[in-house]
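In the UniProt record's numbering, the protein residues as written are 1 to 98.
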């Protein structure tokens, strides 16, 4: 089994880009792993847009329940990275939901 080539840092860069696209006025340097989207001014629609955009960029399609425990950007990145790893272990399909 091979791991997905994207590192957590690569996933963070994708998430950070999505946050900056959704949240007008934010620059990449404004976003850290320990930030919460709500603290950056994101409402529930913004948060959904960030998650959907990141999934699209990463080639993922996950059940919304996968994000239930996500409280900050670090946990969002970890969730997406884990899904990429699952997907690489199950080629030809989508990430297996847990």
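Quick reminder that beta carbons are idealized off the backbone N, C-alpha and C, glycines included. No experiment lies behind these values; they were computed from the predicted model shown.
Query raised in the report: So residue 79 is in the alpha helix (DSSP H); what residue range does that whole segment cover?
Result: 73-89
**Report entry** Through-space distance from residue 73 to residue 32, alpha-carbon basis
**Finding:** Approximately 7 Å, taken between the alpha carbons.
Query raised in the report: From which residue to which residue does the alpha helix (DSSP H) around residue 53 run?
Result: 44-58
Query raised in the report: What span of residues does the alpha helix (DSSP H) with residue 9 cover, start to end?
Result: 8-22
Query raised in the report: With burial defined as no fewer than 16 other Cβ atoms inside 10 Å of the residue's Cβ, what is the status of residue 19: buried or exposed?
Result: buried
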